[in-house]
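Please read the structure below before turning to the comments.
Protein chains: 2
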Amino acid sequence: MTADLTRFSINQMTVKQLSLPELVDACRDVGVPGVGLWREPVQAYGVEAAAKLVRDAGLTVTTLCRGGFLTATAPDERAAALADNRRAVDEAAALGTDTLVLVSGGLPPGSRDLRAARERIADALAELAPYAEEHGVRLAIEPLHPMFASDRCVVSTLAQALDIAERFPAHQVGVTVDTYHIWWDDRAPAQIARAGATGRIHTFQLADWITPLPEGVLNGRGQIGDGAIDMRAWRTYVEEAGYTGPIEVELFNDTLWTRDGRELLAETASRFVEHAG
Amino acid sequence: MTADLTRFSINQMTVKQLSLPELVDACRDVGVPGVGLWREPVQAYGVEAAAKLVRDAGLTVTTLCRGGFLTATAPDERAAALADNRRAVDEAAALGTDTLVLVSGGLPPGSRDLRAARERIADALAELAPYAEEHGVRLAIEPLHPMFASDRCVVSTLAQALDIAERFPAHQVGVTVDTYHIWWDDRAPAQIARAGATGRIHTFQLADWITPLPEGVLNGRGQIGDGAIDMRAWRTYVEEAGYTGPIEVELFNDTLWTRDGRELLAETASRFVEHAG
Chain V
107 MTADLTRFSI NQMTVKQLSL PELVDACRDV GVPGVGLWRE PVQAYGVEAA AKLVRDAGLT
167 VTTLCRGGFL TATAPDERAA ALADNRRAVD EAAALGTDTL VLVSGGLPPG SRDLRAARER
227 IADALAELAP YAEEHGVRLA IEPLHPMFAS DRCVVSTLAQ ALDIAERFPA HQVGVTVDTY
287 HIWWDDRAPA QIARAGATGR IHTFQLADWI TPLPEGVLNG RGQIGDGAID MRAWRTYVEE
347 AGYTGPIEVE LFNDTLWTRD GRELLAETAS RFVEHAG
Chain F
107 MTADLTRFSI NQMTVKQLSL PELVDACRDV GVPGVGLWRE PVQAYGVEAA AKLVRDAGLT
167 VTTLCRGGFL TATAPDERAA ALADNRRAVD EAAALGTDTL VLVSGGLPPG SRDLRAARER
227 IADALAELAP YAEEHGVRLA IEPLHPMFAS DRCVVSTLAQ ALDIAERFPA HQVGVTVDTY
287 HIWWDDRAPA QIARAGATGR IHTFQLADWI TPLPEGVLNG RGQIGDGAID MRAWRTYVEE
347 AGYTGPIEVE LFNDTLWTRD GRELLAETAS RFVEHAG
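In order, the protein sequence lines correspond to chains V and F.
Here the first sequence is numbered in the numbering used here, starting from 107 and rising by one per residue.
Here the second sequence is numbered in the numbering used here, starting from 107 and rising by one per residue.
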């Protein structure tokens, strides 16, 4: 199966029951060439130690998740968010990945103004993007499903993400294409083509859509093949748009997290080959 | 307050703890001039009896909810859905409302093809729309929030709804504009203008967006003013598009349903005036 996993990357959150050394071991055993890492477990392990661990194992760090949360209006909160995002850029550079995923943030308490919140993201990127470039890191705005628009991410579609990203050079700011968030959107294929035409597909992630959604709707993403999304169709869209990079599987799922992490990694790799390979 | 309630209509589901006679009484007491009714409680009471009850009370039936669920592929299921929708048209006509709200239906089991499901809706409407016209009823396609795309409604945006509706005369098929489902969509104001330009805003409904969403995400709609949606802005959009009809408040909320229905109706009317009046 190894040959078919050339493009595959496992996002650390999918198998968060594994420690970082366990994840690295499991990737070697299953033949997984890439990992998308998260800041919190990397910080807990130590950024430099984590970087050495994955580098010594020959793993490619395909993304770091995540920066963002740039919608605050209070000056001190905004300054803190910018400082934290600069640290995220530093961590991405230390880990050797060229892509920092950004989840934009929701509406501030009491606000009903999505448009203004989206503008504050663009304002913040004007400060962050040059800093990221200096460190060899590209920012990848991730539109999240519209069900997260109020409390997590005011950027809900690829079109909205590109409207922001295109204010910057493509090597500074692009987008994250994640099937879970955009599969319902009949405009998304055209927006993928738009993103590809200017080299802005900075990462491509997979998760399947299953129902019923759990309370809070955060941790109900489906294993590849279990849900409503035609994975091969979306892979075709990004490849026709010129994307040749890694394909990350990123699942948040309370049930999957109760399982043996190594077994789950092997299953996920197998599902990737079956449904998106 | 009565004068400010001229445009207000209460959707029966908002106060489903009230029986139909209790609802009619409460509307009189609060000064509510319109009701949006649901098929199941109307059928349980008797369609003709319900029609007489609301007519005698001088209430306007602003909509009947709902027809639709037109995405089946199996011929017998499709025929059953069409027959049920003809009955819904008959019931709407008997109740004296000119608007039947349509919730399109989700993906059939095992299907991943949203586009084909949307086409089957258009095919079904080609049969239903002339029947509805003969009975003086307009069909109002309701885009539901994208979080319902797989299991309830493959039509997720006003643009998608209009792409279907515009294949038919406006007096046969239009759309339902419901703030809960479209508030996140930066394209929605332009689509409301598009709908208004051809007389296709057949009903306008309000519900607020609150989080966290409950398991299954169906019954978590917020009381007007409790959430993230700028109600007055959306009222302005539909009115600038030429809409002068009733404004229905339709909430599905397990917590609100535990309260006294008459008190809830009065509160809802008051919130309407405060936030959307």
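From the three backbone atoms N, C-alpha and C, an ideal C-beta is built for every residue, glycine too.
Presumed contact (8 Å Cβ cut-off) between residue i and residue j, rounded CB distance
i: A246 of chain V; j: T285 of chain V; result: In fact, because the Cβ distance is near 15 Å, the residues do not count as touching under 8 Å.
i: H381 of chain F; j: R338 of chain F; result: 7 Å
i: L268 of chain V; j: R224 of chain V; result: 12 Å between Cβ atoms; not a contact.
i: T263 of chain F; j: D219 of chain F; result: Wrong, their Cβ atoms sit about 18 Å apart, outside the cutoff.
i: L111 of chain V; j: G137 of chain V; result: 5 Å
i: A187 of chain F; j: A178 of chain F; result: 6 Å
i: A200 of chain F; j: E154 of chain F; result: 7 Å
i: L324 of chain V; j: F274 of chain V; result: Between F274 of chain V and L324 of chain V the Cβ distance is about 29 Å, and since that is not below 8 Å, they are no contact.
i: A276 of chain F; j: R293 of chain F; result: Contact doesn't hold; Cβ gap of about 20 Å is too wide.
i: I270 of chain V; j: A238 of chain V; result: Actually they are not in contact, since the Cβ atoms of I270 of chain V and A238 of chain V sit about 15 Å apart, beyond 8 Å.
i: A163 of chain F; j: R134 of chain F; result: 6 Å
First and last residue of the uninterrupted alpha helix (DSSP H) at residue i
i: F378 of chain V; result: 367-382
i: W340 of chain V; result: 337-346
i: G302 of chain F; result: 294-303
i: V261 of chain V; result: Careful: V261 of chain V lies outside any alpha helix (DSSP H) and carries neither H nor E.
i: I227 of chain V; result: 220-240
i: E154 of chain F; result: 153-162
i: A200 of chain V; result: 181-201
Cβ-Cβ distance between residue i and residue j below 8 Å
i: L312 of chain V; j: V355 of chain V; result: yes
i: P249 of chain V; j: I288 of chain V; result: yes
i: V121 of chain V; j: G174 of chain V; result: no
i: T309 of chain F; j: G351 of chain F; result: yes
i: S256 of chain V; j: T317 of chain F; result: yes
i: G302 of chain F; j: G333 of chain F; result: no
i: G202 of chain V; j: R244 of chain V; result: no
i: F114 of chain F; j: I330 of chain F; result: no
i: L143 of chain V; j: L170 of chain V; result: yes
i: C259 of chain V; j: G211 of chain V; result: yes
i: P127 of chain V; j: L159 of chain V; result: yes
i: I116 of chain V; j: V141 of chain V; result: yes
i: L176 of chain F; j: R145 of chain F; result: no
i: A132 of chain V; j: R365 of chain V; result: no
i: A235 of chain V; j: V279 of chain V; result: yes
i: A322 of chain F; j: L129 of chain V; result: Per the sequence presented here, residue 322 of chain F reads as Gly, with Ala not at that position. Cβ distance not < 8 Å, so G322 of chain F and L129 of chain V don't count as in contact.
i: G242 of chain V; j: D204 of chain V; result: yes
i: I335 of chain F; j: D360 of chain F; result: no
i: I307 of chain F; j: V261 of chain F; result: no
i: L362 of chain F; j: L370 of chain F; result: yes
Identified DSSP bridge partners for residue i
i: R312 of chain F; result: Checking the sequence shown, residue 312 of chain F turns out to be Leu, not Arg. The partner list for L312 of chain F (beta bridge, DSSP) reads F:V355.
i: N325 of chain V; result: Answer is none; N325 of chain V lacks a bridge partner.
i: S115 of chain F; result: F:G140, F:E354
i: C133 of chain V; result: Per DSSP, none; premise fails for C133 of chain V.
i: L208 of chain F; result: F:G173, F:I247
i: D110 of chain V; result: In DSSP, D110 of chain V forms no bridge with anything.
i: I307 of chain V; result: V:V281
i: V121 of chain V; result: None, per the DSSP bridge assignment.
i: T317 of chain V; result: Note: T317 of chain V sits in no beta bridge, so no partner.
i: V167 of chain V; result: V:V141
Cβ-heavy atom distance, residue i to the ligand GTP, below 7 Å
i: V243 of chain F; result: Of ligands this structure carries none, so the ligand GTP is not represented either.
Subject >> Contact list for the stretch 142-159 of chain V against chain F, Cβ threshold 9 Å >> reply: Going along the stretch 142-159 of chain V in chain order, one finds no residue with a Cβ nearer than 9 Å to chain F.
Subject >> Members of the stretch 317-342 of chain F near chain V, C-beta cut-off 7 Å >> reply: Identification of residues in the stretch 317-342 of chain F having a C-beta nearer than 7 Å to some C-beta of chain V yields T317, P318, L319, P320, E321, G322, V323, A334, I335, D336, given in sequence order.
**OP:** May I ask you to list, following chain order, the residues of the stretch 250-272 of chain F that have a beta carbon less than 7 Å from some beta carbon of chain V?
**Re:** Residues of the stretch 250-272 of chain F that bring their beta carbon within less than 7 Å of a beta carbon in chain V comprise H251, P252, M253, A255, S256, D257, S262, Q266, in sequence order.
**OP:** Name, going along the chain, the residues of the stretch 204-227 of chain F whose beta-carbon falls closer than 9 Å to a beta-carbon of chain V.
**Re:** Here the close residues are G212, L213, S217, R218, D219, L220, R221, R224.
Subject >> Contact set between the stretch 356-371 of chain F and chain V, restricted to residues whose Cβ is under 8 Å from the partner >> reply: If the cut-off is 8 Å between Cβ atoms, the stretch 356-371 of chain F has nothing near chain V.
Subject >> chain V contacts made by the stretch 161-177 of chain F, where a contact means CB separation under 7 Å >> reply: The residues in question: there are none.
Subject >> Contacting positions in the stretch 289-306 of chain F - beta carbon closer than 9 Å to chain V >> reply: Cβ contacts with chain V come from W289, W290, D291, D292, R293.
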